[in-house]
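Peer 1: Everything in the sequence shown is counted per the numbering used here, starting at 5 for the first residue and increasing by one.
Cβ coordinates follow ideal geometry from the N, Cα and C atoms, glycine included.
No experiment lies behind these values; they were computed from the predicted model shown.
What follows is a structure written as structure tokens; I'll ask about it next.
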Amino acid sequence: MLLMRLLVIALLVYFVLFIIRYVRNPKRKLMQAKEQNEFYVVDEAENVRKNLELTYKGVLFEGEKYINEQIFSITMLLKNPDQLNDLTHEDIRLVSAKVSTLYPKAIISWKSPVREFLKKEPQKRP
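What follows is the structure in structure tokens.
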């Protein structure tokens with residue numbers, strides 16, 4: 005009987021820990037923010053080998069961090085390039101500004117197709 009009680013207690017502790025890990029999972033929070041069209045960043049600032057991920061207006065971005073001697077750079081890219089049509093030049097500049105606030109000394113660049121999109125003249129929407 006004592007063994008059965010210990011087993012039930014151990015199972016309860018396991019489920020509570022599982023629920024806490026699920027609720028605190030940064031990837032889950034990122035996907036939730038994406039669905040709600042909110043801005044959210046997942047980043048381990050102290051780990052330069054781990055890329056940062058962020059969502060803005062339901063679009064996922066990834067930032068690849070590089071350190072070359074004394075220069076720190078972040079190359080941003082879209083996870084799904086088809087979503088570029090949902091963004092404006094101002095949206096891209098805002099994402100760059102948000103990343104710059106996280107890493108003020110970093111040089112931020114964009115991979116294709118965002119780089120070409122930024123080179124185009126913004127079109128006025130009616």
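1. My output table needs one value for LEU91: the three-state DSSP class, helix, strand or coil.
2. Within a Cβ cutoff of 8 Å, which residues of the same chain sit near ASP90, ignoring the five residues on either side of it in sequence?
3. For GLN87, tell me which candidate among ASN41, ALA14 and ASP47 has the shortest Cα-Cα distance.
4. Opposite MET80 in the DSSP bridges: which residues?
5. What's the gap between the Cα of GLU50 and the Cα of LEU56?
6. Which of the three DSSP states is assigned to TYR60 in this structure?
7. With contact counted as at least three CB pairs below 8 Å, one residue from each stretch, are the segment 118-125 and the segment 69-89 in contact?
Peer 2: Taking the definition as stated:
1. coil
2. LYS61, GLY62 and VAL63
3. Here the closest residue by C-alpha is ASN41.
4. GLY67 and TRP114
5. 11 Å
6. strand
7. Contact holds: three or more Cβ-Cβ distances are below 8 Å.
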